[in-house]
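Q: Numbering (my numbering), first residue to last: 1 to 242. Cβ coordinates follow ideal geometry from the N, Cα and C atoms, glycine included. Computed from a prediction, not measured in an experiment: that's the story for all the values here.
Put into structure tokens, the structure is as follows:
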């Protein structure tokens, strides 16, 4: 892309897929998840890291990662370092950086933004539901060593014991802007739980009179990032990071 002056930048995070960063970069996988490639075509400077153990990033969480609280925390740290790199680039406007991700990348976009206030706008696609609505409260899917094993080891996969939920994660991002893609037929992240989180988080945004900073779309699809909603997300990012 022929950039003129400093540009907005995006941290682009992949879903659970063996090719890791290759999917959002447009090198394989689902065409609906080539968002890094599509954003680069629209003038964004994009960085697309592999989550540990995916793509070109072999990682043993029991040895290399034993000093991290979780695989998720290691990924968050890596993502923050990726933002450091974006900030260092002369073609990037450090005040116009966002994050986008689908599924695994969808919740890690939220987690990273909760820790890094340099991320001004977050797009999360099929990334979360309230824990009680995740497979009826059966949280084993969150608890492998590459994700959050403490949910298993300390809290017995019980959503009543886990000391946080996505209400708090999204509220931690307030007053920054969040765009949510939550399909009606997502079998991983039940839309009823998403709606509950959006309603509760809206109350946090009401405290600063910025409820409009949380945008939620509920397309009639399965666990995907449909074309129409994706285009809406890109237009929203252009507006938020202008």
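So for residue 220, helix, strand or coil by DSSP?
A: Here the question's residue 220 lines up with position 220 in the chain shown. Residue 220 falls in the coil class under three-state DSSP.
Q: Keeping to the same chain, check which residues put their C-beta closer than 7 angstroms to that of residue 198; ignore five residues upstream and five downstream.
A: As a first step, residue 198 is located in the chain shown; it is residue number 198 there, counting from the start. Listed in chain order, the non-local C-beta contacts of residue 198 below 7 angstroms within the same chain comprise 180, 214 and 216, local neighbours out to five positions each way being set aside.
Q: Is there at least one Cβ from chain C nearer than 7 angstroms to residue 106's Cβ?
A: Looking at the structure shown, chain C is missing, and only one protein chain is on hand.
Q: Tell whether a beta-carbon distance below 7 angstroms holds between residue 107 and residue 131.
A: What you label residue 107 is simply residue 107 of the chain shown in a count that begins at 1. What you label residue 131 is simply residue 131 of the chain shown in a count that begins at 1. Result no, Cβ atoms of residue 107 and residue 131 do not sit closer than 7 angstroms.
Q: With respect to the alpha helix (DSSP H) encompassing residue 78, which residues constitute its N-terminal and C-terminal limits?
A: Here residue 78 corresponds to residue number 78 of the chain shown, with the count starting at 1. First-last of the alpha helix (DSSP H) with residue 78: 71-88.
Q: For residue 21, does the count of other Cβ atoms within 10 angstroms reach 16, so buried, or fall short, so exposed?
A: On the chain shown, position 21 is the one that residue 21 refers to. Result: buried.
Q: Grouping DSSP H, G and I as helix and E and B as strand, with all else coil, what is residue 95?
A: Translated into the one-based positions of the chain shown, residue 95 becomes position 95. Strand.
Q: So the candidates are 60, 168, 126 and 153; which of them puts its Cα closest to the Cα of residue 115?
A: By one-based count along the chain shown, residue 115 stands at place 115. Closest by alpha carbon: 168.
Q: Quick one: grab the DSSP three-state call for residue 157.
A: On the chain shown, position 157 is the one that residue 157 refers to. Coil, per DSSP.
Q: Tell me which residues share the same chain as residue 193 and place their Cβ nearer than 6 angstroms to its Cβ, disregarding the 5 neighbours each side in the sequence.
A: Residue numbering aside, residue 193 sits at position 193 when the chain shown is read from its first letter. So the list reads 129, 130 and 133, once near-sequence residues are dropped.
Q: Alpha helix (DSSP H) containing residue 108: first to last residue?
A: For the purposes of this step, residue 108 is identified with residue 108 of the chain shown, where counting begins at 1. Run containing residue 108: 104-115, per the alpha helix (DSSP H) assignment.
Q: Less than 7 angstroms separating the beta-carbons of residue 61 and residue 150?
A: Stepping through the chain shown from its first residue, residue 61 is reached at position 61. Stepping through the chain shown from its first residue, residue 150 is reached at position 150. Taking 7 angstroms as the Cβ cut-off, residue 61 and residue 150 do not qualify as a contacting pair.
Q: What are the boundary residues of the beta strand (DSSP E) that residue 125 is part of?
A: Within the chain shown, the letter at position 125 stands for residue 125. Residue 125 -> beta strand (DSSP E) spans 119-125.
Q: At the level of alpha carbons, what is the spacing between residue 25 and residue 82?
A: By one-based count along the chain shown, residue 25 stands at place 25. By one-based count along the chain shown, residue 82 stands at place 82. Their backbone Cα atoms lie some 15 angstroms apart in a straight line.
Q: Within 10 Å of its beta-carbon, does residue 140 have 16 or more other beta-carbons around it, so buried, or fewer, so exposed?
A: Here residue 140 refers to the residue found at position 140 when the chain shown is read from its first residue. Counting of Cβ neighbours within 10 angstroms places residue 140 among the exposed residues, the total staying below 16.
Q: Kindly identify the DSSP beta-bridge partner or partners of residue 179.
A: For this step, residue 179 is matched to residue 179 along the chain shown. BP columns for residue 179 point to 123 and 215.
Q: Beta carbon of residue 23, beta carbon of residue 16: below 7 angstroms?
A: Taking the chain shown and counting its residues from 1, one reaches residue 23 at position 23. Taking the chain shown and counting its residues from 1, one reaches residue 16 at position 16. Not closer than 7 angstroms, so no.
Q: Just to confirm the assignment, what range does the alpha helix (DSSP H) spanning residue 39 have?
A: As a first step, residue 39 is located in the chain shown; it is residue number 39 there, counting from the start. Element bounds for residue 39: 35-41.
Q: On the DSSP letters alone, give me the boundaries of the alpha helix (DSSP H) that residue 170 sits inside.
A: Position 170 of the chain shown, counted from the start, is the residue given in the question as residue 170. 166-173 is the extent of the alpha helix (DSSP H) around residue 170.
Q: Mapping the DSSP letters down to three states, classify residue 47 as helix, strand or coil.
A: As a working mapping, residue 47 is identified with position 47 in the chain shown. Three-state result, residue 47: strand.
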